[in-house]
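Participant: Got a structure for you, questions after.
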Amino acid sequence: MVLHAPETGHSTLLPSAEPVQLIDEHGAVTPHADYDLPSEAELLAAYRALVLGRRFDRQATTMVKQGRLAVYPSSNGQEASQVGAVLATRNDDWLFPTYRDCVALVTRGVDPVGVLTLLRGDWHSGYDPYEQHVAPQCTPLATQSLHGVGLAHAARLKGEDTVALVFIGDGATSEGDFHEALNFAAVFKAPVVFFVQNNGFAISVPLDKQSVAPSLAHKAIGYGIPGKRVDGNDVAAVISVVSAAVERARAGEGPTLIEAHTYRIDAHTNADDATRYRDAHDVEAWRGKDPVSRIDAYLRGTGALTEELAAGYAAEAEAVAEDLRRRLGADPVTDPRELFHHVYADRERLADQARLLDEELALEEGAGQ
Amino acid sequence: MVLHAPETGHSTLLPSAEPVQLIDEHGAVTPHADYDLPSEAELLAAYRALVLGRRFDRQATTMVKQGRLAVYPSSNGQEASQVGAVLATRNDDWLFPTYRDCVALVTRGVDPVGVLTLLRGDWHSGYDPYEQHVAPQCTPLATQSLHGVGLAHAARLKGEDTVALVFIGDGATSEGDFHEALNFAAVFKAPVVFFVQNNGFAISVPLDKQSVAPSLAHKAIGYGIPGKRVDGNDVAAVISVVSAAVERARAGEGPTLIEAHTYRIDAHTNADDATRYRDAHDVEAWRGKDPVSRIDAYLRGTGALTEELAAGYAAEAEAVAEDLRRRLGADPVTDPRELFHHVYADRERLADQARLLDEELALEEGAGQ
Amino acid sequence: MTTLESRVDIPEIPQQATTYTMAQALTAALRDAMAADERVLMFGEDVGALGGVFRVTDGLTRTFGENRCFDTPLAEAGIVGMAVGMAMNGFRPVVEMQFDAFAYPALEQIISHVAKMRNRTRGRVGLPMVIRVPYAGGIGGVEHHCDSSEAYFAHTAGLTVVSPATPADAYSLLRESIEYPDPVIFLEPKRLYWNKAELQLPLRTEPLGRAVIRRPGTDVTLIAYGPTVPHALDAAAAAEQEGRSVEVIDLRSLVPFDDATVTASVRRTGRAVVVAEAAGFASVASEVVARVTEQCFHSLEAPVRRVTGFDIPYPPPKSEHHHLPSVDRILDVVEELQW
Amino acid sequence: MTTLESRVDIPEIPQQATTYTMAQALTAALRDAMAADERVLMFGEDVGALGGVFRVTDGLTRTFGENRCFDTPLAEAGIVGMAVGMAMNGFRPVVEMQFDAFAYPALEQIISHVAKMRNRTRGRVGLPMVIRVPYAGGIGGVEHHCDSSEAYFAHTAGLTVVSPATPADAYSLLRESIEYPDPVIFLEPKRLYWNKAELQLPLRTEPLGRAVIRRPGTDVTLIAYGPTVPHALDAAAAAEQEGRSVEVIDLRSLVPFDDATVTASVRRTGRAVVVAEAAGFASVASEVVARVTEQCFHSLEAPVRRVTGFDIPYPPPKSEHHHLPSVDRILDVVEELQW
Ligand SMILES: Cc1ncc(C[n+]2csc(CCOP(=O)(O)OP(=O)(O)O)c2C)c(N)n1
Ligand SMILES: Cc1ncc(C[n+]2csc(CCOP(=O)(O)OP(=O)(O)O)c2C)c(N)n1
Ligand SMILES: [Mg+2]
Ligand SMILES: [Mg+2]
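This is the structure we're talking about:
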């Protein structure tokens, strides 16, 4: 029987039975055969990013309650996944985030107000994707995973060693586009890392109604690529596992699928009522696995995190929050004429319709004077 | 780490390293630990269906050359897959075929002219799906797999033990709908068997440009369902492997993904030029694995297939061909007014437009007299 | 246990008139339809425990069980494709697409199968199913949550496309859509979900396929549907102040299109303006202009005009009011009708 | 090896006039575009070794290598989504959807991303890409191979939609589409693939966005595009026999729409008929009727009429001629224009 697909070495494509963990929920090191603990400097940087990310997230949550944002999907509980994954990339690697990944973007260095522009509602995206190499946050689920594949394959054709890091949720793995993206990436050996934040829910739908696979990472072998599982609340493990996948991609060895096991502590968004579909006990259990406190405990234990350093990070975080309050608190200045500016490169194409709005605005302004 | 998906027993979801084979290309039995050889009666029935199916396929191929069909996608080389899969089902199990599966339909007992109506071009489908429990042959790739899941889940809700057998090609496994169908079937534990005829090509695209997975059956574990591989040119193995999956589904244990390794001997359709993308040598190699000759050899070896029986089947096959020549050779009678009859249950809805055509036809008929 | 036997007996007795929002009227319609016919099922994303992001399916799983109202994995083609198979096998599925733009992954299933199954099978397989789509804007939603997608469906032969503008019609049209022998795209104007009316349920309004004159008038006909009906009515009221008698038609059903009602009105008034929220190009509004003009040409005092969304992607929340047809914009166009 | 450096030097020198079918003209356009700009890539199903089921990509892989013209796995959303990412990263991808109906799996990517990327990103990310779609019928194709899908695209703000009717336009419009800064849906009328013309390549015809008068006339304007242009011309020739002077406009570009050319013509002739193969309801033809009427109302002697496909799924091969706009049907409608 002649087969068309390679037959060998595929047992290495299956994920481990347990997610990789390097630091447990109490801050103790849990050594792993395949993955080293990141350096102290890396972990300190991760700690700082977690503190900043969490403060950012809390501030955004406050501001959506104040009506300053149209909607906010919180990252609370998922900060280690987002921070760890971003810190595993180079700044010229591309991120393909969803609406949920605001902390990832802040970690990459996108201006927090730019990150929240979509959710404030003055424009669909608030930053230049080429500046920090971050695609616009994506709402239609799983669609961005294909863009990541295309961008990564393009980089390879250009001889660049850029990697694309695709963020996606557990629910979105059910969409057809996710399947097509994994397969295209595998066939083209595109330098992509698919990073699934399995936070247990797609809005109200729990994972066991989404998939009955042994794990989401088990999907990888169906595309001939490695699947990995990581404790998504352990920033050290996330950095290590994602770094290995990114370097593998960079070296031309193709894509990896990573499932980060984490939990969304808040409701889906401020508009959601999570009590309808989940138990307060579950949330409490996950609070015990908090992604910030364990690395805090670990770094204080090694002595790397001094009171002084911690205070410095806290102050930085307060500054981020303060800046958000100020800049996001101000009403955005929008120009309705801009509605016609970016539909086509050639603005003349909508000139007639733009004129109608112009006339109305002129009348209004006239009336206002 | 609390996980949401079941953790146990998933190694049984992976397919075997080699496709299941029960009779080799020379007609010798190759015993298998997990699968028994079907009974002699079953194998004789399979042999008969293969002979009929092949004759049907050859006749259709002739008739497309004569311009009696608009197009014909041949099953030549894949008869054992189609015949074996159908014979593994009960007559009230539903088939969800593609354009390629004409031999499967003939085996189920659909009138051969009904099977070819789509390809002759007098209507989109030529048989009543409810009569033989066969969905209309499907052209948009992979879409029918979801219909199979829905029908099967519906049967289960009604308390019926019907199973849906979804036919699909290797190429079509790349479509998003295939992924969604596998996942829905798995989550709902729907009684579906997904039967992939991996014939090595999607038109001109070889499998290694379609997937780099160890095998297509390896996709199953990503949905938490068993994946199986079978020698698709060995009708005995196909019957055994599909039967086991059908019975598993019937017993309420959920779906199975089966990959049948086979080969399309003819071009994609009569309109295709296969010399552009594959080697004559490869075709020759596969001719050596012919699905009919091996079971012929085996049954003659056991003495079950006598000259007399063989002659009887051959005569039956000639009768099928003769009937096709006669009925398909006649020009179909079509009524253009029918274009408006089935768009909606309420024919009044298109009455105005139908009237326009009526008037034209009346004029033509008037002119014709 | 089989669903088809587990009929839940919720008697359909007329109740006291009660205040219903449009969303609640839809819930009531689903509940009554499921009680009346055990073949009716409801499924989609978050329609079970959560009751839908707009709470339209609230309580259905509790009342009818997990087999009759259930959550699916997150995949719209999957939801619609599964509904096709269930409809083939005797059920009458109602599925929810969570928001307008999230029905797009299902477009292949809708265009190539839902719309065509009866025709492909020469009348042998009908698909009684309803695809509910909360659509259009005006609620401050971010991108992909406010699309007016009706043109894609209305252009596709084989589909029936309706959109209620009142709680009563929401109830009645949904009941009728569920009973309809062919697939119905049921477009729910999100913005009107919280509009209220006193209803005595069950009720039936005019049949599917019929347009309704919501306000009679003699000078000009405003033709609206779904989210723009209230605007048209407001514009008519404002115009009255200025001495214009404006007739307002609520189409209710885009496909089939009620030519008789629309044409009779425009022949009487001699002027017409179509008001729709979708981008105007190659839209349902274009169709209305085209067919009204074809049929009423010699009665027209002025060209039939359109007030629609601009030909741009739906704007961000802070700017949507500049895009949406407003009362002023309608009045301006009415004034331009060469009086 | 990097693609962007591996520029293939095929000089673009004017050649002797040669006979080209439309399909060959498209191949030449792709070849010349790939030679001229190393950022141009071609990919899709069967476009490599096979050269496409219509042979439009014949020889491209041979000439430019596997990195510049390649087969993908069989998934249309995948193809289009991948093209989005490649366009974001400096390439100018051209992708082929094998047949009209097989672009439907990509509709979500097209509507939610391809059409909107520039706008979503406030002008920062443009997507110079072309989606080639062989479309429409008349070739005896079975179901799903003959759809006229232009309305779905034309209604979607952010897309540019063109369709050539001659080999020269096929070449020129495709070159221009590839050079265009925004995504273009390039609709190729399958039926005209084998139509021939003498061409001296490279050539450029009228710019994208411009409609062209293919035959001047004074009594009535026929407005057609893509597959119906030859019918309109045949009808015009036949009408001449009967003393009617018929002007024929080939739209070439559906979006943007060339109001100036169309309006000037209809103002002159006072009568117009739109001829299109797609189902008429909420179609591009509806739009043409609507805007011509809006803009030419007082010049019109009769309502603008449509000759389109019926509002039915595309018929089986043996019946398609009853569905397609025929010369007779066009002439009948012309006769009804209240002369
Ligand atoms: C194609 C599509 N369908 C539906 C939605 C509506 N929706 C937004 S978020 C969401 C749940 C996503 O769950 P998951 O992928 O697990 O991500 P999470 O929100 O948990 O981060 C849904 C259904 C959407 N955005 N896109
Ligand atoms: C959605 C869709 N895309 C493209 C096509 C065109 N097409 C028809 S058959 C085919 C190849 C299918 O290959 P495979 O699934 O392996 O089945 P096989 O023909 O080999 O039996 C293609 C691309 C289609 N029918 N549907
Ligand atoms: Mg989730
Ligand atoms: Mg194949």
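If you read the protein sequences in the order shown, they are chains E, P, U and X.
Every position in the first sequence, counted from 1, becomes a number in my numbering once 7 is added.
Every position in the second sequence, counted from 1, becomes a number in my numbering once 7 is added.
Every position in the third sequence, counted from 1, becomes a number in my numbering once 14 is added.
Every position in the fourth sequence, counted from 1, becomes a number in my numbering once 14 is added.
Heads up, the beta-carbon is just placed ideally off N, CA and C, and yes, glycines get one too.
Keep in mind the model is a prediction, meaning the values are calculated, not measured.
Using beta-carbon positions only, say whether X/G99 and E/A161 come within less than 8 angstroms of one another.
Facilitator: Here residue 99 of chain X corresponds to residue number 85 of the fourth sequence, with the count starting at 1. Here residue 161 of chain E corresponds to residue number 154 of the first sequence, with the count starting at 1. Result yes, Cβ atoms of X/G99 and E/A161 sit closer than 8 angstroms.
Participant: Between U/R21 and chain X, is there a C-beta pair that is closer than 8 angstroms?
Facilitator: For the purposes of this step, residue 21 of chain U is taken as residue 7 along the third sequence, with counting starting at 1. Confidence in U/R21 is poor, its pLDDT being 40 and thus under 50, which makes the residue's placement unreliable; the coordinate value appears in the next sentence. So, not an interface residue.
Participant: I want to see whether chain P comes within less than 8 angstroms of U/Q123, judged by CB atoms only; does it?
Facilitator: Position 109 of the third sequence holds residue 123 of chain U. Answer yes: the Cβ-Cβ gap between U/Q123 and chain P drops below 8 angstroms somewhere.
Participant: DSSP three-state label for X/N133, please.
Facilitator: In the fourth sequence, residue 133 of chain X corresponds to position 119, counting from 1. Note: X/N133 maps to helix in three-state DSSP.
Participant: Looking only at DSSP bridge pairs, what is E/N205 linked to?
Facilitator: Here the question's residue 205 of chain E lines up with position 198 in the first sequence. Answer by DSSP bridge pairing, in chain order: E/H268.
Participant: Please report the straight-line C-alpha distance between U/V288 and U/R228, rounded to a whole angstrom.
Facilitator: In the third sequence, counting from the first residue as 1, residue 288 of chain U sits at position 274. In the third sequence, counting from the first residue as 1, residue 228 of chain U sits at position 214. Near 14 angstroms, if we compare the C-alpha coordinates of U/R228 and U/V288.
Participant: Taking only three categories from DSSP, how would you classify E/C109?
Facilitator: Here residue 109 of chain E refers to the residue found at position 102 when the first sequence is read from its first residue. Helix, per DSSP.
Participant: Taking C-beta pairs closer than 7 angstroms, name the residues in chain E that X/A171 reaches, listed in chain order.
Facilitator: For the purposes of this step, residue 171 of chain X is taken as the residue at position 157 of the fourth sequence. The CB of X/A171 comes closer than 7 angstroms to the CB of V350 in chain E, given here in chain order.
Participant: Taking 7 angstroms as the cut-off, is the C-beta of E/E266 nearer than that to any heavy atom in ligand 1?
Facilitator: Residue numbering aside, residue 266 of chain E sits at position 259 when the first sequence is read from its first letter. Not under cutoff, so the answer is no.
Participant: For the beta strand (DSSP E) containing E/M70, name the first residue and the last one.
Facilitator: For the purposes of this step, residue 70 of chain E is identified with residue 63 of the first sequence, where counting begins at 1. Unbroken run through E/M70 is the alpha helix (DSSP H), E47 to K72; no beta strand (DSSP E).
Participant: Does the beta-carbon of E/H174, which I'm using as the reference point, lie nearer than 7 angstroms to any heavy atom of ligand 3?
Facilitator: On the first sequence, position 167 is the one that residue 174 of chain E refers to. Here the sequence assigns Phe to residue 174 of chain E, which means His is not the residue at that position. Every heavy atom of ligand 3 is 7 angstroms or more from the Cβ of E/F174, so no.
Participant: By alpha-carbon positions, which one of P/L59, P/V199 and P/P213 ends up nearest to P/N205?
Facilitator: Along the second sequence, one-based indexing puts residue 205 of chain P at 198. Answer by Cα proximity: P/P213.
Participant: Is the beta carbon of P/A209 within less than 7 angstroms of some heavy atom of ligand 2?
Facilitator: Your numbering for residue 209 of chain P matches position 202 in the second sequence. Checking the Cβ of P/A209 against ligand 2 gives yes.
Participant: What does P/R356 reach in chain U if we use C-beta pairs closer than 7 angstroms?
Facilitator: Within the second sequence, the letter at position 349 stands for residue 356 of chain P. Neighbours of P/R356 on chain U, chain order: P270.
Participant: Among the candidates P/G259, P/V242 and P/A287, whose CA atom is the shortest distance from the CA of P/A52?
Facilitator: Within the second sequence, numbered from 1, the residue matching residue 52 of chain P stands at position 45. That would be P/V242, whose Cα lies nearest to the Cα of P/A52.
Participant: With distance defined between alpha-carbon atoms, name the residue in X/M111, X/A225 and X/C160 nearest to X/L338.
Facilitator: As a first step, residue 338 of chain X must be located in the fourth sequence, where it is residue number 324. Nearest C-alpha to X/L338: X/C160.
Participant: Look up E/A321 in the DSSP assignment and say whether it is helix, strand or coil.
Facilitator: Locating residue 321 of chain E in the first sequence gives position 314, counting from the first residue. When secondary structure is reduced to three states using DSSP, E/A321 falls in the helix class.
Participant: Could you give the C-beta distance for P/I210 and X/D273, rounded to a whole number, given that I count them as a contact under 8 angstroms?
Facilitator: Position 203 of the second sequence holds residue 210 of chain P. Position 259 of the fourth sequence holds residue 273 of chain X. Not a contact, Cβ separation roughly 42 angstroms.
Participant: Looking at C-alpha atoms only, which residue of X/A184, X/T135 and X/A250 is the closest neighbour of X/L222?
Facilitator: On the fourth sequence, residue 222 of chain X is found 208 positions in, with the first residue counted as 1. Among X/A184, X/T135 and X/A250, the Cα nearest to that of X/L222 belongs to X/A184.
Participant: For X/E157, which residues in chain P fall below 8 angstroms Cβ to Cβ?
Facilitator: Residue mapping note: residue 157 of chain X aligns to position 143 of the fourth sequence, counting from 1. Within chain P, the residues near X/E157 are L125, H131 and T146.
Participant: Could you spell out where the beta strand (DSSP E) holding E/L172 opens and where it closes?
Facilitator: Residue 172 of chain E sits at position 165 when you count from the first residue of the first sequence. Note, E/L172: beta strand (DSSP E), A171 to G176.
Participant: E/R271: beta carbon under 7 angstroms from a heavy atom of ligand 1?
Facilitator: Indexing the first sequence from 1 puts residue 271 of chain E at position 264. Yes - ligand 1 has a heavy atom lying nearer than 7 angstroms to the Cβ of E/R271.
Participant: What whole-angstrom Cβ distance do X/V306 and X/A278 have, given they're in contact under 8 angstroms?
Facilitator: Taking the fourth sequence and counting its residues from 1, the one referred to as residue 306 of chain X is at position 292. Taking the fourth sequence and counting its residues from 1, the one referred to as residue 278 of chain X is at position 264. With 8 angstroms as the limit, X/V306 and X/A278 do not qualify as a contact, their Cβ atoms being about 11 angstroms apart.
Participant: Assign P/Y79 to one of two classes, buried (16 or more other C-beta atoms within 10 Å of its C-beta) or exposed (fewer than that).
Facilitator: Start at 1 with the first residue of the second sequence, and residue 79 of chain P comes out as number 72. Label assigned to P/Y79: buried.
Participant: Say whether chain U places a C-beta atom closer than 8 angstroms to the C-beta of P/H160.
Facilitator: Counting from one through the second sequence, the residue named residue 160 of chain P turns up at place 153. Interface residue, yes.
Participant: Could you check where the beta strand (DSSP E) with P/S247 kicks off and where it finishes?
Facilitator: Residue 247 of chain P sits at position 240 when you count from the first residue of the second sequence. Run containing P/S247: none in the beta strand (DSSP E); it sits in the alpha helix (DSSP H), V242 to R257.
Participant: The beta strand (DSSP E) that contains X/F113, what's its start and end?
Facilitator: The sequence position of residue 113 of chain X within the fourth sequence is 99, counting from 1. First-last for X/F113: undefined, no H or E at that position.
Participant: Grouping DSSP H, G and I as helix and E and B as strand, with all else coil, what is U/K210?
Facilitator: If you number the third sequence from 1, residue 210 of chain U lands on position 196. Strand.
Participant: Can you pull the chain U neighbours of P/H39, defined as C-beta to C-beta under 7 angstroms?
Facilitator: Position 32 of the second sequence holds residue 39 of chain P. Neighbours of P/H39 on chain U: none; closest Cβ ~33 angstroms, over 7 angstroms.
Participant: Who pairs with X/Y149 in a beta bridge, going by DSSP?
Facilitator: Counting from one through the fourth sequence, the residue named residue 149 of chain X turns up at place 135. The partner list for X/Y149 (beta bridge, DSSP) reads X/P203.
Participant: Report buried or exposed for P/Y137, applying the criterion of at least 16 other Cβ atoms within 10 angstroms of its Cβ.
Facilitator: By one-based count along the second sequence, residue 137 of chain P stands at place 130. So P/Y137 ends up on the exposed side.
Participant: Over the uninterrupted alpha helix (DSSP H) stretch that includes X/V176, give me the two end residues.
Facilitator: Sequence index remark: in the fourth sequence, residue 176 of chain X carries index 162 (1-based). No alpha helix (DSSP H) contains X/V176, which is instead part of the beta strand (DSSP E) from T174 to V176.
Participant: At which residues does the beta strand (DSSP E) containing U/D85 begin and terminate?
Facilitator: Within the third sequence, numbered from 1, the residue matching residue 85 of chain U stands at position 71. From DSSP, the beta strand (DSSP E) with U/D85 extends over C83 to D85.
Participant: Assign P/G121 to one of three DSSP states: helix, strand, or coil.
Facilitator: As a working mapping, residue 121 of chain P is identified with position 114 in the second sequence. The answer is helix: DSSP assigns P/G121 an H, G or I state.
Participant: Please state whether the Cβ-Cβ distance between P/P119 and P/A192 is less than 8 angstroms.
Facilitator: Here residue 119 of chain P refers to the residue found at position 112 of the second sequence. Here residue 192 of chain P refers to the residue found at position 185 of the second sequence. Contact: no.
Participant: Locate the beta strand (DSSP E) running through U/I237, then write down its first and last residues.
Facilitator: Here residue 237 of chain U is taken as the residue at index 223 of the third sequence, counted from 1. From DSSP, the beta strand (DSSP E) with U/I237 extends over V234 to A238.
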